[in-house]
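Every number in this note's numbering is 102 more than the matching position in the sequence shown, counting from 1.
Glycine included, each C-beta is placed from N, C-alpha and C at the ideal position.
Just below is one structure, and these are the notes that go with it.
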Amino acid sequence: MPGGQLARLDTWWTTSASVEQRARRAVEQLPPLPPTPNGKPLVFEKTIVFDAFTLEAPPLYKNDCEPDPPQHGNRFVWDGRSPQTATAAESRAEPLDLAAYAECLRQLPPDEAADNERQQTQWASPTLGR
């Protein structure tokens with residue numbers, strides 16, 4: 103709304119209902135925005151990305167069903183005061199249940215060939231492929 107209140111929050115696509123609910127709660131608890139200069143509501147029709155390489159690009163979901171990679175730390179780090187302990191073996195990402203993985207893949211948007219074509223058109227060199 104022009105007064106800084108959230109009028110509507112649409113979810114176009116989600117991989118997890120619980121994460122979506124937490125995100126909605128977080129957005130609803132944000133403080134109100136300042137009034138808009140022209141008095142009209144703000145409408146965001148794009149995903150806002152703060153990335154130098156993703157200017158005007160649609161969101162990509164191809165890796166959303168994959169498990170998060172394991173965190174890697176420096177096993178040689180020691181603060182000099184605490185007792186030194188042997189580090190545990192490298193942690194591995196736990197595999198997804200096949201049914202859950204299939205369900206996640208089913209929810210993904212169709213093939214992202216359009217994005218690949220857009221990138222090829224944008225970044226292709228006219229001198230290559232002659």
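At a Cβ-Cβ threshold of 7 Å, PRO169 and LEU198 count as neighbours. Judged by pairs of C-beta atoms under 8 Å, the segment 105-116 touches the segment 127-140, as three or more such pairs exist.
In the same chain as CYS206, and ignoring 5 residues on each side of it, the C-beta atoms closer than 8 Å to its own belong to THR117, ASP166, CYS167, LEU198, in chain order.
Of THR187, ASP112, ALA204, THR138, the smallest CA-CA separation from GLU130 is found for ASP112.
Residue state for GLN173 is assigned as coil, using DSSP reduced to three classes. A distance below 7 Å separates the beta carbons of GLN186 and TRP180. Here DSSP, grouped into helix, strand and coil, assigns LEU132 to coil. A direct Cα-Cα distance of roughly 44 Å separates VAL121 from PRO228.
The beta carbon of ASN176 sits closer than 8 Å to none of the beta carbons in its chain outside the five residues before and after it.
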